[in-house]
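Here is the structure we will look at.
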Amino acid sequence: MTDNSTAIALSDLLSPEGFDEDPIDPKHLDGYPFYVLQACDEDEPSVKADISDHWGADYRAKIQKVINDCIYLFCPGIGKFNDGIEMPIPFKDGVDISDLNQRPYNMSRRDKVAMDAILNPLAEAGIVEKVPLGEPSPSAAPAFMVWRNGKPRMVIDLRRVNTKLLMDAYPLPREDDILGHLQGSVIFTIMDVTKGFFQQDILAEDSWKTSFVTPYCGHERLTVSSMGLATSLAFF
33 MTDNSTAIAL SDLLSPEGFD EDPIDPKHLD GYPFYVLQAC DEDEPSVKAD ISDHWGADYR
93 AKIQKVINDC IYLFCPGIGK FNDGIEMPIP FKDGVDISDL NQRPYNMSRR DKVAMDAILN
153 PLAEAGIVEK VPLGEPSPSA APAFMVWRNG KPRMVIDLRR VNTKLLMDAY PLPREDDILG
213 HLQGSVIFTI MDVTKGFFQQ DILAEDSWKT SFVTPYCGHE RLTVSSMGLA TSLAFF
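Taken in order, the sequence shown gives residues 33 to 268; the numbers are from my numbering.
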């Protein structure tokens with residue numbers, strides 16, 4: 033890091049005295065920025081540190097304690113950002129949406145079984161919902177299955193929707209800049225968000241633009257962001 037004022041010494045983080053925590057904002061008692069508040073069983077923690085034996089048992093125990101103290105940051109499953117920000121899906125002015133109504137693709141029995149196994153949990157989690165009666169959607173993107181190394185993946189063909197989107201020019205970080213800042217570092221930390229796009233709500237009035245169809249489940253839509261939307265990455 034080039035600015036030492038923003039660095040936290042590892043010795044401070046792992047000191048016997050621990051570290052001072054900022055007081056929790058009453059608005060974020062659910063474990064901001066996630067909808068999760070859980071106690072940690074120190075004998076059987078739900079999140080365990082995966083650290084090489086090279087570092088020794090004492091070091092691993094200290095890292096595990098840090099995780100246990102911050103267990104509210106880890107969500108068992110797909111979480112949800114609760115910062116109050118919803119992702120819009122804006123269309124360009126004056127676009128023709130008449131071609132968004134597409135027929136479902138043909139699907140084999142094997143694909144139907146695999147799609148059920150994917151869609152049912154998403155529906156239970158509120159990520160996918162039926163297009164309500166009385167709220168007709170002019171968009172219907174065909175969904176289909178792709179198999180890779182024997183594992184199924186559901187894909188929603190949103191290409192026509194993407195041609196009508198008002199794109200976001202927000203720049204992504206440059207890889208060479210990131211690698212340059214890592215020069216001289218010894219310890220590297222990686223943090224990932226489980227199905228990150230699914231944790232980002234979209235504006236309710238824009239959800240019709242994510243509507244999709246299958247040959248047997250009818251008309252459904254997403255309530256969250258999707259990798260298939262061209263604006264998702266920049267917004268995320």
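All residues carry an ideal CB built from backbone N, CA and C; glycine is no exception.
- Under 8 Å between C-beta atoms of I159 and G260: Taking the first residue of the sequence shown as 1, we reach residue 159 at position 127. Taking the first residue of the sequence shown as 1, we reach residue 260 at position 228. Contact annotation: I159 and G260 have beta-carbon atoms that are not nearer than 8 Å.
- Please name the residue in R92, D233, G182 whose C-alpha comes closest to that of R253. Stepping through the sequence shown from its first residue, residue 253 is reached at position 221. Minimum Cα distance to R253 is reached at D233.
- Query: K94 to G88, Cα distance in whole Å?
  - Reply: Here residue 94 is taken as the residue at index 62 of the sequence shown, counted from 1. Here residue 88 is taken as the residue at index 56 of the sequence shown, counted from 1. Rounded to the nearest whole angstrom, the C-alpha separation of K94 and G88 is 10 Å.
- Task: Please list the segments of the alpha helix (DSSP H) lying wholly inside the stretch 188-245, counting only runs of 4 or more residues, in order along the chain.
- Result: Runs of the alpha helix (DSSP H) lying entirely within the stretch 188-245, each at least 4 residues long, are 191-194, 207-213 in chain order.
- Task: Consult DSSP for N133 and reduce its assignment to one of helix, strand or coil.
- Result: Counting from 1 along the sequence shown, the entry for residue 133 is found at position 101. Assignment of N133 by DSSP, reduced to helix, strand and coil, places it in the strand class.
- Query: According to DSSP, what are the bridge partners of K183?
  - Reply: For the purposes of this step, residue 183 is taken as the residue at position 151 of the sequence shown. For K183, which the question treats as bridged, DSSP gives the partners R180.
- Simplified DSSP state of V79, which is helix, strand or coil: Counting from 1 along the sequence shown, the entry for residue 79 is found at position 47. Coil at V79, not helix or strand.
- Query: Between which two residues does the beta strand (DSSP E) harbouring L254 extend?
  - Reply: Counting from one through the sequence shown, the residue named residue 254 turns up at place 222. It spans 250-254 - the beta strand (DSSP E) in which L254 sits, taken as one unbroken run.
- Query: Anyone know if the C-beta pair for A173 and F230 falls short of 8 Å?
  - Reply: Numbered from 1 along the sequence shown, position 141 holds the residue referred to as residue 173. Numbered from 1 along the sequence shown, position 198 holds the residue referred to as residue 230. Taking 8 Å as the Cβ cut-off, A173 and F230 do not qualify as a contacting pair.
- Message: Beta-carbon within less than 6 Å of A266's beta-carbon, same chain only, minus the 5 sequence neighbours each way: which residues are those?
- Response: Here residue 266 is taken as the residue at index 234 of the sequence shown, counted from 1. These residues qualify, in order along the chain: D200, Y202.
- Is F267 helix, strand or coil by DSSP? The sequence position of residue 267 within the sequence shown is 235, counting from 1. Looking at F267 - three-state DSSP - the assignment turns out to be helix.
- With distances taken between CB atoms, is the gap from E147 to L235 smaller than 8 Å? For the purposes of this step, residue 147 is taken as the residue at position 115 of the sequence shown. For the purposes of this step, residue 235 is taken as the residue at position 203 of the sequence shown. It is Met, not Glu, that sits at residue 147 in the sequence shown. Going by C-beta atoms, M147 is not nearer than 8 Å to L235.
- Message: For K106, which residues in the same chain have their Cβ closer than 6 Å to its Cβ, ignoring the five residues on either side in sequence?
- Response: As a first step, residue 106 must be located in the sequence shown, where it is residue number 74. Looking at the sequence shown, residue 106 is not Lys but Phe. In the same chain as F106, and ignoring 5 residues on each side of it, the C-beta atoms closer than 6 Å to its own belong to V79, in chain order.
- Query: Between S239 and the rest of its own chain, which residues show a CB-CB distance below 7 Å, the 5 nearest in sequence each way excluded?
  - Reply: As a position in the sequence shown, residue 239 is number 207, starting the count at 1. Excluding sequence neighbours, S239 sits near R253, L254, T255.
- Task: Note the first and the last residue of the continuous alpha helix (DSSP H) segment covering V98.
- Result: Along the sequence shown, read from residue 1 onward, the residue named residue 98 stands at position 66. Looking at the DSSP string, the run of the alpha helix (DSSP H) that includes V98 is 88-101.
- Message: Taking only three categories from DSSP, how would you classify P174?
- Response: Against the sequence shown, residue 174 aligns to sequence position 142. Looking at P174 - three-state DSSP - the assignment turns out to be strand.
- Select from S264, H251, G116, K124 the residue whose C-alpha is nearest the C-alpha of K165. As a working note, residue 165 is residue 133 in the sequence shown. It should be pointed out that residue 165 corresponds to Leu in this sequence rather than to Lys. The candidate whose alpha carbon is nearest that of L165 is H251.
- Which listed residue (D85, D90, K162) has its alpha carbon closest to that of Y248: Numbered from its first residue, the sequence shown carries residue 248 at position 216. The residue with the shortest Cα to Cα distance from Y248 is K162.
- Task: Between the Cα of V145 and those of R92, V178, L132, spot the shortest distance and give me the residue it belongs to.
- Result: In the sequence shown, counting from the first residue as 1, residue 145 sits at position 113. Taking only the C-alpha atoms, the option nearest V145 is V178.
- Message: Using the Cβ count rule (16 or more neighbours within 10 Å means buried), how would you classify V193?
- Response: Stepping through the sequence shown from its first residue, residue 193 is reached at position 161. Here V193 is buried: its Cβ has 16 or more other Cβ atoms, across all protein chains shown, within 10 Å.
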